[in-house]
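For the protein sequence lines, the chains are E and S, in the order given. If you're matching positions, the first sequence starts at 213 in this note's numbering and goes up one per residue. If you're matching positions, the second sequence starts at 1026 in this note's numbering and goes up one per residue. Using N, Cα and C, we set each Cβ at its ideal position, and we do this for glycine too. Bear in mind the structure is a predicted one, so any value in this text is a computation, not a measurement. In what follows, a single structure is set out as structure tokens and then discussed.
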Amino acid sequence: MSDDLLSAFVEEARELLEQASRDLLALEAAPADGAALEELFRGVHTLKGSAGLVGFDAMGRALHAAEDRLSEVRRGARAVDAALVEALLEVAGQAERWVEAVAAEGVVPAGEAEAADALCARLEAAAGGPVAERPAAATAAASVAWAEALRAQAPDGAGHLIAFRYVPASDSYFAGDDPVSVVRGVPDLALLRVAPAMPFGELAAYDPFACNLVLTGASRAPLAAVRAAFRFVPDQVQLVELPAIESPAPPTSGEGRARSIRVDAGRIDALAAAADDLVVAKNAVAHLVAQAAGFAPAALARGLMAAHADLDRRVGRLHEGIGRMRLVPLAPLFRRFPPVVRQIAGGLGKQVDLVIAGDGVEVDKTIVDGLYEPLLHLLRNAADHGVEPPAARRAAGKPVPAVVRLSAAPAGDEVLIELADDGGGLDMGRVRATAAARGLAAAEALEAMSDEAAADLIFRPGFSTAAAVTELSGRGVGLDAVRSRVAALGGRVEVHSARGAGTRFVIRLPVRVRLARLMMVQTGGETFGVPLETVVEATRIAPERLTPVRAGRALVWRDRAVPLVSLAGLLDMPEPAGEPDELKVMIVRSGDQLAAVSVDAFGERIEAPLRPLAGVLARVPGLLGSSLLGDGRVLMVLDVPELIG
Amino acid sequence: MTVRREGDVVWLEGACRVEEAETVVGLLGAGMRTVDLSRCQALHAAVAQVLLAFRPALRGGAGGSLPARAPAPGADRGWRSGDKRPRRR
């Protein structure tokens, strides 16, 4: 036989088998999927023909038997059930091994009749109705294709896995079993799929109490532990032990697969820190390039600038690539909260269930590490102020326990973390009264404020009072601490509330640590950084344009009167002596108000990694973090709105 | 009450037990097309199966496949003594 014919067979067979596996998995998930059935039937039919063409009788015979079963399904004479899918997956698995043998040896293997007989018998058994009950013993992995198929879907599937396939008896619900909850009891679950065992048929005749599910999945726990989870339903479960794959098989084609290697987190952190430093070094070059532009020949200056722009781009790409390596799931962080919430609620005589969703979402490790405190604060807040005591909930016709839902969802480059309680919601009257009492806004302004804007006042420093600080609030800081922590991570937090229905905090965070865009300002001989996002405009003002207002001064900016404060004053530094010819001011947004902050000089704008402060400095209000300058100096980055408070 | 109807939306709240499957079938069979799971803590397999069969639009909270998100930490597991069991018809 010509080699050409054989290699064409191998090529076509590989494609058809790959498609067939996909179709089988689709059918398993949705047995009524007509398109998958048609495609599978055509594929098997074509492959059977090809096998005959190259004289591979054993393979042709097995595929013929498979085709027969499929054509019964197409006629409606039988349903796609778990047993049939399993038998077909076995045929596909064997066919794949045969095809690879042809590829390796260059000839059709002889003496495969027995294997073909076994497959035909298997298909026959599957056709005879549900296969006989199997003991929950681990079968040899090689013979069970569905288990291997699961491995392919499990994250990090190369490790040791126990695959299970649980087909609950149709009267399970009457027997008091909850198959979902049984499966939940499987330790170290790596993968779980729930699908109908048979097509549902006419929904008008749907029987809600007839169980029609097949639950497949894989666990990383030892076989005995998985078996223990199914101890009440051993006759309905098939377990297959999949030993760890020692070394990944070389890819059979040029097609690259997603592979992963385990790297110590410390190394990644070191690499990320080195990339951060590289950004700093690049900024130093920027400084030199700007200087050189002053006296170097024009051509050289242009060359330097172009080279620098190129460096800028490449460093940015490197920084981003390393950032992607640092993505970790939120699950370990979220898992820390349920016991804490139970304890907090218990201490308050309340009942709270914490519901967690979306904890598979991945974000930068720094962000995960920095989120514990703000989220804990919000959870305490929800248990303390959000959720009503049980008696009040009953009186309002609400269920006890209360539900606090912590969820995460990706949204483009950002991750959305939501903490929602089903408590009483914010009492806007009280929020306004407190804000007025604390002098956060004038009474008229509060009246005119929308509820949304007024609700935002709870994040202002000084809103939460000593009186409101229970022992729960720990260090006695309010929600302003949450906002500044989230801002230090490059994110923002807002609150939505519906009276009687609950309060919802929404935190938006970048998935990766972004370089902060900073404007440098000088005052009292010191240089500080201010995030560009907080600066509405940097401008120069003639002193004549200032008007005295009560104790202070104000200026008119775009037809609005904006109070003027000096950065030196905010920082308790000595005010510059004398009145300058012109004032340099940043217009800054603080809540929904604008303020003008005067500085001695504006510096350059830079992009730099913002490091959250640690230790004692972390509690200093008005400081967002620090950044390293190109010349090695440490730049303190200010939270100007918080300073204005 | 863990199954609630609000306009065109079926809300599943708290821990949904086996006997609620029938209620959900009634609502979805009557043409309701959306199920909100944002306040759902645990779904009994029977209720999850109804969602698989009727395929309503699911909404509420973060993504994730139905079985992955149905049970949640702290959720009830299966039967508790005193729970109602479905009656054979």
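Asked: Glutamine 805 of chain E - partner residues in DSSP beta bridges; Found: E/Ser802
Asked: Selection of the region 1029-1049 of chain S by Cβ proximity to chain E, strictly under 8 Å; Found: Glu1038, Gly1039, Val1043, Ala1046, Glu1047, Val1049
Asked: Where the region 418-449 of chain E meets chain S: residues whose CB sits under 8 Å from a CB there; Found: Tyr418, Pro420, Phe421, Cys423, Asn424, Leu425, Leu427
Asked: Cβ contact (3+ pairs, closer than 8 Å) linking the region 658-669 of chain E and the region 635-649 of chain E; Found: yes
Asked: DSSP beta-bridge partners of threonine 751 of chain E; Found: E/Val797
Asked: Min CB distance arginine 1084 of chain S to chain E below 8 Å; Found: no
Asked: Contacts of arginine 1064 of chain S in chain E (Cβ-Cβ under 8 Å); Found: Val567, Val615, Arg617, Asp634
Asked: Residue-chain proximity (valine 406 of chain E, chain S), Cβ-Cβ < 8 Å; Found: yes
Asked: Cβ neighbour criterion (16 or more within 10 Å) applied to proline 743 of chain E; Found: buried
Asked: DSSP state of alanine 348 of chain E mapped onto helix, strand, coil; Found: Reliability of the predicted coordinates at alanine 348 of chain E is poor, the pLDDT of 37 falling under 50, and the value obtained from them is presented with this limitation in mind. Of the three classes helix, strand and coil, the one that applies to alanine 348 of chain E here is coil, per DSSP.
Asked: Chain E residues whose Cβ lies nearer than 7 Å to that of leucine 1068 of chain S; Found: Val392
Asked: Chain C residues whose Cβ lies nearer than 9 Å to that of glycine 1054 of chain S; Found: Absent here is chain C; the protein component of the structure consists of chains E and S.
Asked: C-alpha gap between valine 1050 of chain S and serine 709 of chain E, whole angstroms; Found: 33 Å
Asked: Proximity below 8 Å, CB of glutamate 618 of chain E to CB of leucine 583 of chain E; Found: It should be pointed out that residue 618 of chain E corresponds to leucine in this sequence rather than to glutamate. No, the Cβ-Cβ distance between leucine 618 of chain E and leucine 583 of chain E is not below 8 Å.
Asked: Nearest neighbour of glutamate 312 of chain E, chosen from E/Ala225, E/Ala289, E/Val615 [CA to CA]; Found: E/Ala225
Asked: Candidates E/Pro613, E/Leu516, E/Leu229, E/Leu658: closest to glutamate 308 of chain E by CA position; Found: E/Leu229
Asked: Which of helix, strand or coil DSSP assigns to tyrosine 584 of chain E; Found: helix
Asked: CB contact below 8 Å: valine 1060 of chain S versus chain E; Found: no
Asked: Assigned secondary structure, glycine 651 of chain E (DSSP; H/G/I helix, E/B strand, else coil); Found: coil
Asked: C-alpha distance - glutamate 819 of chain E paired with methionine 731 of chain E, whole-angstrom precision; Found: 9 Å
Asked: Nearest residue (CA-CA) to aspartate 383 of chain E, options S/Cys1065, S/Ala1071, S/Glu1038, S/Phe1079; Found: S/Ala1071
Asked: Spatial neighbours of valine 907 of chain E in its chain, beta-carbon cut-off 6 Å, leaving aside the 5 residues before and after; Found: Because chain E is modelled from 213 through 857, residue 907 of chain E falls outside the range shown and cannot be assessed.
Asked: Alpha-carbon to alpha-carbon, alanine 699 of chain E and valine 580 of chain E; Found: 14 Å
Asked: Listed by chain order, chain S residues near phenylalanine 412 of chain E by CB distance under 7 Å; Found: Ala1078
Asked: Assumed close pair alanine 294 of chain E, alanine 409 of chain E - CB separation to whole angstroms, cut-off 8 Å; Found: 6 Å
Asked: Three-state class that DSSP yields for valine 475 of chain E in the structure shown; Found: coil
Asked: Extent of the continuous alpha helix (DSSP H) to which methionine 517 of chain E belongs; Found: 510-537
Asked: Beta-bridge partners of aspartate 565 of chain E, as assigned by DSSP; Found: E/Val615
Asked: Start-to-end residues for the beta strand (DSSP E) that takes in alanine 402 of chain E; Found: 401-408
Asked: Cα-Cα separation, leucine 401 of chain E to alanine 1078 of chain S; Found: 25 Å
Asked: Beta-carbon proximity list for isoleucine 856 of chain E, same chain, < 6 Å, skipping 5 on both sides; Found: Ser802, Ala807
Asked: Same chain, Cβ closer than 6 Å to serine 676 of chain E, five either side skipped, listed in chain order; Found: Gly690
Asked: Top-ranked residue by Cα proximity to valine 748 of chain E, from E/Ala780, E/Met798, E/Leu530, E/Ser778; Found: E/Met798
Asked: Extent of the continuous alpha helix (DSSP H) run through glutamine 555 of chain E; Found: 549-559
Asked: Spatial distance of valine 426 of chain E from alanine 361 of chain E (CA atoms); Found: 15 Å
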